[in-house]
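Numbered per the working numbering, the sequence shown finishes at 254, counting up by one with no gaps.
This report refers to the structure that appears directly beneath it.
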Amino acid sequence: MPLFSHSQLQIKICGLKTSEEAKVAIHAGADALGFNFFPSSKRFLSPGSALSLLSTLPRKVARVAVVVNPTSAELQFLLASCAFDAIQFHGDESPEFCRNSGFPVWIKAIRVSSYELTERQVRSFPTPYLLLDADSPSGVYGGTGMLIDLSLAKRVIHAFPHKRFLLAGGLRPENVRKAVSMVHPFAVDVSSGVEDDLGYKSASKIQALIKAAREDVVEHEKL
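Right, dumping it as structure tokens:
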């Protein structure tokens, strides 16, 4: 299915590890599901486990493979599986590497540290889909729970109206409505913000986040 096929604010729930978590996200109204193939992440899922999980799910939402500096062999395995609608590069991949990955649809994550650096990165990656994430001083590749600089993200998104930006970094049910209202992203991408204290995805938090994220959109449509 095409990535993000609807016109409303899109919501991607990332770092899913079980069929139950994925089904909760689908039932709550998520548009895309993200599966993390970075071995150093606590949300890591082996490709084999992911394929087994995906076989239990309906094909009504987009499936995104999230990778960090993958090898060519890893990319070929994911591509050959035909199980994913897109791949998300969340590491230090070059524009050439992403473009030559073989995936017709790909997302590049950019850690937002300064406007000048972010602007250069946005211009260098030839894809409509870019994910803006919080900058981590420790160099961690996402999932930190740190809140992105919303003012900076807004400035970047405003400068590139033809791009489809996913907003990530510290979004939770309590702050997502403010972030959406301020930044106006194409989509929001959430992982740690919908987890419980043990690191498992929380059904109530997923439902609350999706409801809150779309409240501002619904209210604007009524005006």
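All C-beta atoms in this analysis are idealised placements derived from N, C-alpha and C, irrespective of residue type, glycine included.
It should be emphasised that the depicted structure is a prediction, and the values quoted were computed from it without experimental measurement.
For this session: Would you mind sorting C45 into buried or exposed? The rule is 16 or more other CB atoms within 10 Å of its CB.
Result: buried
Exercise. What is the DSSP secondary structure of S235, reduced to helix, strand or coil?
Worked result: If DSSP states are grouped into helix, strand and coil, S235 belongs with the helices.
Problem set entry | Pairwise C-alpha distance: V98 and S72 | Distance between the alpha carbons of S72 and V98: 10 Å.
Exercise. Taking DSSP as the reference, what is the three-state secondary structure of F128?
Worked result: DSSP places F128 in helix when its eight states are reduced to three.
Problem set entry | Boundaries (first-last residue) of the beta strand (DSSP E) holding Q39 | That residue, Q39, is in no beta strand (DSSP E); it is neither H nor E in DSSP.
For this session: Look at the Cβ atom of F115, then the Cβ atom of V92, and state whether they are nearer than 8 Å.
Result: no
Exercise. Is F156 helix, strand or coil when you go by DSSP?
Worked result: coil
Exercise. Could you give the residue range of the alpha helix (DSSP H) that holds R195?
Worked result: First-last for R195: 195 to 198, but that is the beta strand (DSSP E), not the alpha helix (DSSP H).
Exercise. Which one or two residues does DSSP pair with K139 in a beta bridge?
Worked result: F120, L161
For this session: Measure the beta-carbon distance from V136 to L198 and round it to whole angstroms, keeping in mind my assumption that it falls under 8 Å.
Result: The Cβ separation is near 19 Å, so there is no contact.
Exercise. Nearest to S83 by CA position, among T49, G224, G230, I241, is which residue?
Worked result: T49
Problem set entry | Span separating the alpha-carbon of K54 from that of S125 | 34 Å
Problem set entry | Distance CB(V153)-CB(L183) smaller than 8 Å | no
Exercise. Below 8 Å between beta carbons: does that hold for L202 and V221?
Worked result: yes
For this session: Check A218 in the structure and name its three-state DSSP category.
Result: Three-state result, A218: strand.
Problem set entry | Nearest to A244 (by Cα), restricted to the options L47, E52, G60 | That would be G60, whose Cα lies nearest to the Cα of A244.
For this session: For L40, count neighbouring Cβ atoms within 10 angstroms of its own Cβ and tell me buried if that reaches 16, exposed if not.
Result: buried
Exercise. Can you tell which of L64, P70, V207 has its C-alpha closest to the C-alpha of G122?
Worked result: P70
For this session: Grab me the residues of L106's own chain with a C-beta within less than 7 Å of its C-beta, minus the 5 sequence neighbours each way, in chain order.
Result: S132, G133
Problem set entry | Assigned secondary structure, R94 (DSSP; H/G/I helix, E/B strand, else coil) | strand
For this session: State the Cα-Cα distance for the pair L110 and T158, rounded to the nearest angstrom.
Result: 18 Å
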